[in-house]
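With the first letter of the sequence shown counted as 1, position 232 gets the number 229 in this note's numbering; the numbers rise by one all the way through. Some notes on the structure that comes next.
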Amino acid sequence: MMFVPFQNTVFAASAQNDTTNEIKNRIVADPNFIKAVGEAIGNQATDDHIREVVKDYLVKNPEVMIEVQEALDKKQAQKIAENQSSAINSMKDEIFNSGNDAVIGNPEGKVTLVEFFDYNCGYCKKAYPDMQTLIKNNPNLRIVLKDFPILGPDSVKAHIVARAVLKLIPAKYPEFHTEMLTSEGRANEEKAIKIALKLGVDEKKLRDAMKDEKLQQVFSTNGQIAYALNISGTPSYILGDEVLVGAVGENILKQKIGLIEK
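Quick look at the structure:
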């Protein structure tokens, strides 16, 4: 499937046009404004004169511009959310059921939460206890982990080790994942290998697996999905047809999961 990035500038322009019409209606409904423009037109005023009238009105009523910005922001967010939802529906298999992704929680769970993460993401580490609590309290929850190493070469190398662990001993991957997100300091290849060996991975097999360039293809695939959904940071989540950016917290995720279960 070809992934086409969203054209936010188009969305913004469309939203801005809608907002402009709303503001125009607001302004022309003001009797003082109508009077001023009427006088200007009656005096055969130039366009510059009319612009000055409009400018003077907005300067004296700055709250109108605040409402303009709020309306624009709201419309932009709504448009982005609508297109994210459409994109999610068009990429369901790649997002929710890819055989390349690790799954924690209940593999057969009816509710799927997708997380884009980086082992060097401080917010991912802070959010990890929330994910564990959600799994503990909801036996119906399935969490799909999408490797998204965007925080430098160390992250890429650490995730390569993770992919090798997933390939060689998938049953041990959840423990590996936990160790990586709960250990102190920066994640890198050395730390990841040390954790993998502690969990019983054969070092030669591990290093051989790490040389397989196919392990890194998932990074590109996940990057394309993220780009199509306007995801540029970690952690980011997909739940149902909604994208949630940042460490939104256990309560919000729990609430969203509850709505899907109903």
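Where a beta carbon is used, it is the ideal one built from N, C-alpha and C, also for glycine.
When we look at the beta-carbon of residue i and count the other beta-carbons within 10 Å, is it buried (16 or more) or exposed?
| i | result |
| --- | --- |
| Ser233 | buried |
| Glu112 | buried |
| Ser217 | exposed |
| Lys208 | exposed |
| Val275 | With the chain covering -2 to 259 only, the question about residue 275 has no answer from this structure. |
| Glu91 | buried |
| Met128 | buried |
| Thr130 | exposed |
| Ala74 | exposed |
| Lys277 | Residue 277 lies beyond the residue range present for the chain, which begins at -2 and ends at 259; the question has no answer from this structure. |
| Ile63 | exposed |
| Lys219 | Note that residue 219 corresponds to Asn in the displayed sequence, not to Lys. Answer is buried; the Cβ neighbour count reaches 16. |
| Asn94 | exposed |
| Asn134 | exposed |
| Lys211 | exposed |
| Lys81 | In the sequence as presented, Lys is not what sits at residue 81; that position holds Gln. The residue is buried, with at least 16 neighbouring Cβ atoms inside 10 Å. |
Going by C-alpha to C-alpha distance, which of the options sits closest to residue i?
| i | options | result |
| --- | --- | --- |
| Lys251 | Asn137, Ala78 and Ile192 | Asn137 |
| Gly149 | Arg183, Pro126, Asn134 and Lys188 | Arg183 |
| Asp151 | Asp115, Leu194, Asn135 and Asn219 | Asp115 |
| Gln214 | Phe145, Asn58, Asp205 and Tyr224 | Phe145 |
| Thr192 | Gly220, Tyr54 and Ile166 | Reading off the sequence shown, one finds Ile at residue 192, where the question assumed Thr. Closest by alpha carbon: Ile166. |
| Cys118 | Thr175, Asn97 and Ile147 | Ile147 |
| Lys97 | Pro59, Ile157 and Lys76 | Note that residue 97 is Asn in the sequence shown, not Lys. Nearest of Pro59, Ile157 and Lys76 to Asn97, Cα basis: Ile157. |
Please work out which residues of its chain come closer than 8 Å, Cβ to Cβ, to residue i, disregarding the five sequence neighbours upstream and downstream, and give them in chain order.
| i | result |
| --- | --- |
| Tyr260 | A question about residue 260 goes unanswered here, because the residues of the chain that appear run from -2 up to 259. |
| Asn86 | Asp238 |
| Leu194 | Glu200 and Leu203 |
| Ala78 | Glu239 and Val240 |
| Glu172 | Leu196 |
| Ala10 | With a pLDDT of 41 at Ala10, under the threshold of 50, the modelled position of that residue is not reliable, and the figure given next carries that caveat. No residues qualify anywhere along the chain. |
What is the C-beta distance between residue i and residue j, in whole angstroms, given that I count them as a contact (C-beta under 8 Å)?
| i | j | result |
| --- | --- | --- |
| Gly197 | Lys169 | 7 Å |
| Met88 | Ile222 | 6 Å |
| Glu181 | Ala155 | Not quite, the Cβ-Cβ distance comes to about 14 Å (not below 8 Å), so this is no contact. |
| Val240 | Leu226 | 5 Å |
| Ala161 | Leu203 | 6 Å |
| Glu258 | Val108 | 6 Å |
| Leu110 | Ile254 | 7 Å |
Using a Cβ-Cβ cut-off of 7 Å (strictly less than) and excluding sequence neighbours within five positions of residue i, which residues of its own chain qualify?
| i | result |
| --- | --- |
| Pro323 | Only positions -2 to 259 of the chain appear in this structure, which leaves residue 323 out of reach. |
| Gly323 | Not covered by the structure: residue 323. The range shown for the chain is -2 to 259. |
Excluding sequence positions up to five away, which residues of its chain have a Cβ less than 6 Å from the Cβ of residue i?
| i | result |
| --- | --- |
| Ala99 | Leu142, Leu163 and Tyr170 |
| Leu178 | Lys122 and Tyr125 |
| Val51 | none |
Could one say the Cβ of residue i lies closer than 9 Å to chain C's Cβ atoms, at least one of them?
| i | result |
| --- | --- |
| Phe145 | Looking for chain C here will not work: only one protein chain is present. |
- Where are the beta strand (DSSP E) runs, 3 residues long or more, that stay fully inside the segment 207 to 251, in chain order? For the segment 207 to 251, whole beta strand (DSSP E) runs of length 3 or above, ordered along the chain, are 233 to 236 and 239 to 242.
- Can you give, in chain order, each stretch of the alpha helix (DSSP H) that sits fully within the segment 161 to 187 and has at least 4 residues? DSSP runs (the alpha helix (DSSP H)) wholly in the segment 161 to 187: 170 to 179.
- Message: Ignoring anything shorter than 4 residues, give me the alpha helix (DSSP H) runs that lie fully in the segment 84 to 118, in order along the chain.
- Response: Along the segment 84 to 118, the alpha helix (DSSP H) occurs as fully enclosed runs of 4 or more residues at 89 to 93, listed in sequence order.
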